[in-house]
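So that you can map any letter, position 17 of the sequence shown is 26 in this note's numbering, and since no number is skipped, the others follow by simple counting. Beta carbons: idealized from backbone N, C-alpha and C, even for Gly. Comments concern the structure below.
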Amino acid sequence: MLKNARFLMSNSDHTKCPAPTKPEFAFIGRSNVGKSSLINMLTNHKHLAKTSGKPGKTQLINHFEIDSRWYMVDLPGYGFAKANKKLKAEWNKMIRNYLTERENLVSVFVLIDSRLNPQPIDIEFITWCGQLELPVTLIFTKADKQSQSKTADNVHRFLDEMEKMFVEAPEFFVTSAMTKVGKEELTQFIEENVSEYYEEG
Numbered sequence: 010m011l012k013n014a015r016f017l018m019s020n021s022d023h024t025k026c027p028a029p030t031k032p033e034f035a036f037i038g039r040s041n042v043g044k045s046s047l048i049n050m051l052t053n054h055k056h057l058a059k060t061s062g063k064p065g066k067t068q069l070i071n072h073f074e075i076d077s078r079w080y081m082v083d084l085p086g087y088g089f090a091k092a093n094k095k096l097k098a099e100w101n102k103m104i105r106n107y108l109t110e111r112e113n114l115v116s117v118f119v120l121i122d123s124r125l126n127p128q129p130i131d132i133e134f135i136t137w138c139g140q141l142e143l144p145v146t147l148i149f150t151k152a153d154k155q156s157q158s159k160t161a162d163n164v165h166r167f168l169d170e171m172e173k174m175f176v177e178a179p180e181f182f183v184t185s186a187m188t189k190v191g192k193e194e195l196t197q198f199i200e201e202n203v204s205e206y207y208e209e210g
């Protein structure tokens, strides 16, 4: 279980992030995928990450320290945020620099809306991560919003797309911030990777 979560800092420059001395897990996805709700569910905090009805609330790299052992990072969403082209270009550069330069990054959690068929913008982002050999893990969100069979169908379609791009599809989790489906499995995955990081270090 994640017992203690605290906000550390927000910034737009990866070189000003906390010293890379602890394993780090980054959360990213389309602007309305439910990222903040998932982070709050995982950490048992209602307001750790700011939720909003307006997509694009997160505009900086937000670092949280978990149990004094690892960092959880809330990244700006991609996609439907209402922002001008200059600001979007700055966001893209900020995200790219962070993802490619952080040496302690263990996994990029890419959040996918489980209610939807595979979306080109998600495929494009994951393809980009694959080309740079970034460690991607998929998290399907909002599983409570439709039947289990519908969720399973959409997950299967997405994984089919992944297998066209990769030798094998990335590891994945199906979650719901409302019902806490997937919380235990995802928490265990993180904890195992945190332990491995320190063992290898």
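Segment contact, 8 Å Cβ cut-off, at least three pairs: the segment 125-132 with the segment 26-34: At 8 Å Cβ cutoff, the stretches do not touch.
Supposed contact pair residue 81 and residue 135 - C-beta distance, whole angstroms, cut 8 Å: 20 Å between Cβ atoms; not a contact.
Unbroken alpha helix (DSSP H) run spanning residue 168, endpoints: Taken as a continuous stretch (DSSP letters only), the alpha helix (DSSP H) holding residue 168 covers 157-174.
Extent of the continuous beta strand (DSSP E) to which residue 87 belongs: It is not in any beta strand (DSSP E) - residue 87 carries neither H nor E in the DSSP assignment.
Near the ligand SAH: residue 114 beta-carbon under 8 Å from a heavy atom: By its list of ligands, the structure shown contains no ligand whatsoever, and the ligand SAH lies outside what it can speak to.
For residue 82, the three-state DSSP class (helix, strand or coil): Per DSSP, reduced to three states, the secondary structure at residue 82 is strand.
Local Cβ density within 10 Å of residue 151, reported as buried at 16 or more and exposed below that: The residue in question, residue 151, is buried, as its Cβ has 16 or more Cβ neighbours within 10 Å.
For residue 105, the three-state DSSP class (helix, strand or coil): The answer is helix: DSSP assigns residue 105 an H, G or I state.
Inter-stretch contact (C-beta, 8 Å, three-pair minimum) for the segment 187-205 and the segment 14-26: Two segments are said to touch when three or more pairs of C-beta atoms, one from each, lie closer than 8 Å; by this definition the segment 187-205 does not touch the segment 14-26.
Buried versus exposed call for residue 159 [16 or more other C-beta atoms within 10 Å across all chains shown]: The residue is exposed, with fewer than 16 neighbouring Cβ atoms inside 10 Å.
Rounded straight-line distance, which links the Cα of residue 186 to that of residue 46: In a straight line, the C-alpha of residue 46 is about 6 Å away from that of residue 186.
Buried versus exposed, by CB contacts within 10 Å (16 or more), residue 176: Around the C-beta of residue 176, fewer than 16 other C-beta atoms lie within 10 Å, and the residue is accordingly described as exposed.
Given residue 68 as reference, the closest of 56, 102, 76 once Cα atoms are compared: Selection 56, 102, 76 evaluated against residue 68 yields 102 as nearest (Cα-Cα).
Cβ pair residue 147, residue 174 closer than 9 Å: No.
Residue range of the alpha helix (DSSP H) that includes residue 185: Segment: none, residue 185 is in no alpha helix (DSSP H) and carries neither H nor E.
Run of the alpha helix (DSSP H) containing residue 139, from where it starts to where it stops: For residue 139, the uninterrupted alpha helix (DSSP H) run begins and ends at 129-140, by DSSP.
CB contact flag (residue 121, residue 84, <9 Å): Taking C-beta atoms as the reference points, residue 121 and residue 84 fail to come closer than 9 Å.
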